[in-house]
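Report on the structure given below.
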Amino acid sequence: MQNEKVAKILNRIADFMEMKGDVYRMKAYRNAAHSVETLSKDIEDIAFHDQLKDLPGIGTAIAAKITEIIETGSLQYFEKLKKEYPVDFDALMAVEGLGPKTIKLFYEELGIKNLDDLERYAKRHHLRRLKGMGDKKERKILDSIEFARKHSSRKLLGYIMPLAESLKKQIEETGLAEQVEIAGSIRRRKESVGDIDILVISEKTAQIMDFFISMGEVAEIVINGPLKSTVRLKSGIECDLRVFGREVFGAALMYFTGSKELNVELRKLSISKGLKLSEYGLFEGKERVAGQSEKEIFNYLGLEYIAPEMRENRGEVEAAINGRLPDLISYSDINGDLETHSNWSDGKNTIGEMGRAAYKMGYEYMAITDHTGTDRIAGGLGEDELIKQMRMIDDLNDEFENFTILKGLEVNIDFNGNLDISNDILKDMDIVVGSVHSGKGLDVFGISQRILKAMENEYVNIIAHPTGRKIQEEKEYDLNLDKIFETSAGTDTFLEINSHPNRLDLRDIYIKKAVDFGCKLVINSDAHSINDLGRIDLGVATARRGWAEKKDVINTMNLKKLQKLLSV
DNA sequence: GCCGTTTTCGGCCCGACTGTTTTCAGTCG
């Protein structure tokens, strides 16, 4: 899969176009990049079948460039641009107040290529002499360099959510706001987030801003205005607070929830209907015809309500026009957790503690799936220990009413696609989770073949974290997803959506594709302690981003139905 | 550079803020 690489190059070209001030070419490349990014098919396949131009935003010129990237591994046009402007664009863009135009100016006038150059020239006060610059801007840039160095990358949703919720709660508790909402990519539950956006309805604007900028979490104030303030938090992320009136709050929430791509799409749709959409409402001439709630705006535009998790401009607008939006799985639909670990392997809590915590969450069942055999690093269990554990779970289950601990394991799929526990043991398990943990690159058949072989084993129910990616750390395996989805559907092997904050694997666009293939999914916490059980919400959010419905996810079933499904 | 249920040419989302300006460019979301 070269999708990521192609999208990255197109995005970089868009950056160059922005530097050159060619706004419309910039948009064209940006659109094309988005098109490739959100594609669930392999771009090489599409190119091979000569179908690139069928993709939205890709015409003759960009199709030819994509073909060149796939065939030669690079792109002449892109190499030329890089030579023309050899700057560390990402690093410089991370500096607050620095954009493409300023980066170009600095490079052309002073030869600034990276943060070190920038810092040197700022300290020598060379920046302030340039056109459009002044001492204030220079100082602001200097102040922002350190922050940009430390915190240039986006943060994982799972780690930022609790912080955002806590800020929201603190603001609510002041009683100064009528309503407080978290917007932005957090509301869309995107896997990584760049900042925290909080919107409030309030008439006591000065007081609420004062409270916001003096909260304990605040490290530094960037902007402090009457309607908008920006602060840097001690945890290294920026947070915005904006105040709006009640009658426009829906429009503001919609606007600041995004995504940017969806906003553009909705504005275009508005124009085609003779309307105008902004964060202050939907207007017909000068009259505001909707704005108090998001529902009102969607309705007026002739759309069904689009859930925040779906707002990425990946076809949801068309589906909403035609009344074909999926009936998304909801956060309360989960009836149990089918991958958890106890202190028998690398978990922190006892099986009893895990069970009682899951019971308290209102679950009907939970599977203990400790690591096995060769996964010695994770304290893997041998066959004798597994038999002992099964007996103990039987005893524990006598404790509970209307709740069952299922006997399971997370079995390792080795280099040859074999499992490290014999079928004699597997057949007595309620649930068998298969996963690849090691040997990438060392394997005999390629990872797809390993997984496919494991799926063919009649006792394997679930493939855990199927693509093996770790967000911002490890790339996904090079898998033949079509084949895996086809086999999953054919063998009733369920694909996991792992809720670990840095996995969220399967990811959103693959979930959509898996559902289209008729695969059944399972959302698991992969908890290693009772505190991890709650993160299953991240998995549900990811499923919603992949347009999954309740019927697509097996652990929304009650125990009886689930057991029937697993026993087949 | 892409796109078309008024269009194959002439459009391409919108508004606020900041710092530099003396009417605006650049950045941000």
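Under the numbering used here, residues 538 to 1105 are what the first sequence spells out, in order. The C-beta atom is built at its ideal place from N, Cα and C for all residues, glycine as well.
Hey, how far is the Cα of residue i from the Cα of residue j?
i	j	result
A659	E675	6 angstroms
A788	D732	20 angstroms
M966	D1089	23 angstroms
V730	G695	10 angstroms
T711	K727	29 angstroms
A1001	L1075	16 angstroms
T742	F820	26 angstroms
L946	I988	17 angstroms
I669	S1036	What sits at residue 669 in the sequence shown is Gly, not Ile. The straight-line gap from Cα to Cα measures roughly 48 angstroms.
K564	A570	10 angstroms
T906	S867	25 angstroms
V560	A1064	47 angstroms
G596	R562	12 angstroms
I984	L1058	20 angstroms
T877	I942	11 angstroms
R1116	G818	Residue coverage of the chain in this structure runs from 538 to 1105, which leaves residue 1116 outside it and unanswerable.
G954	S972	10 angstroms
M891	E824	57 angstroms
L704	P1003	35 angstroms
F786	S830	7 angstroms
E798	M791	12 angstroms
N1017	I583	15 angstroms
E605	L612	6 angstroms
G1110	W1084	Summary: the structure shown does not reach residue 1110, with the chain confined to residues 538 through 1105, and so no result is reported for it.
R567	K545	10 angstroms
L1096	Y900	10 angstroms
E702	S751	17 angstroms
K602	R1006	28 angstroms
Checking the sheet assignment: what are the DSSP bridge partners for residue i?
i	result
C776	I733, V768
M903	D874, I942
G971	V948, I1000
L1058	L1032, V1090
E757	R769
T597	According to DSSP, T597 bridges with nothing at all.
G884	BP columns for G884 are empty, so no partner.
K650	DSSP output for K650 lists no bridge partner at all.
H908	E947
G818	S815
K692	V730
L918	T909
L865	E1086
F585	DSSP output for F585 lists no bridge partner at all.
F781	I738
Pick helix, strand or coil for residue i, following the three-state DSSP scheme.
i	result
R825	strand
S809	helix
Q716	strand
A1031	First, the residue type needs correcting, since residue 1031 is Phe and not Ala in the sequence shown. Note: F1031 maps to strand in three-state DSSP.
L576	coil
L1041	coil
H571	helix
S739	coil
E1023	helix
F793	helix
E1013	coil
L1102	helix
K727	coil
A1064	strand
F937	coil
K668	coil
L956	strand
L618	helix
K1007	strand
Report back the beta-carbon spacing between residue i and residue j to the nearest angstrom; my notes put them in contact at under 8 angstroms.
i	j	result
H663	L647	6 angstroms
V737	Q707	Not confirmed; about 12 angstroms, so no contact.
I962	L923	6 angstroms
V854	L806	7 angstroms
V780	S739	5 angstroms
A756	A685	Wrong, their Cβ atoms sit about 14 angstroms apart, outside the cutoff.
M554	Y622	Going by Cβ atoms, the distance from M554 to Y622 rounds to 11 angstroms, so no, they are not a contact pair.
T909	D957	6 angstroms
A720	D734	4 angstroms
I1008	L1041	7 angstroms
Does the Cβ of residue i lie closer than 8 angstroms to at least one heavy atom of the ligand SAH?
i	result
S1025	The ligand SAH is not part of this structure, which contains no ligands at all.
How about the region 799-816 and the region 828-845: do they share at least three Cβ pairs that are nearer than 8 angstroms? Counting Cβ pairs under 8 angstroms, three or more are found: they touch.
Indicate whether the contact test is met: 3 or more Cβ pairs, each with one atom in the region 894-913 and one in the region 838-858, closer than 8 angstroms. No: fewer than three Cβ pairs fall under 8 angstroms.
Taking one C-beta from the region 1080-1100 and one from the region 1034-1052 each time, how about it: are there three or more such pairs within less than 8 angstroms? Taking 8 angstroms as the limit for Cβ pairs, the verdict is that the region 1034-1052 does touch the region 1080-1100.
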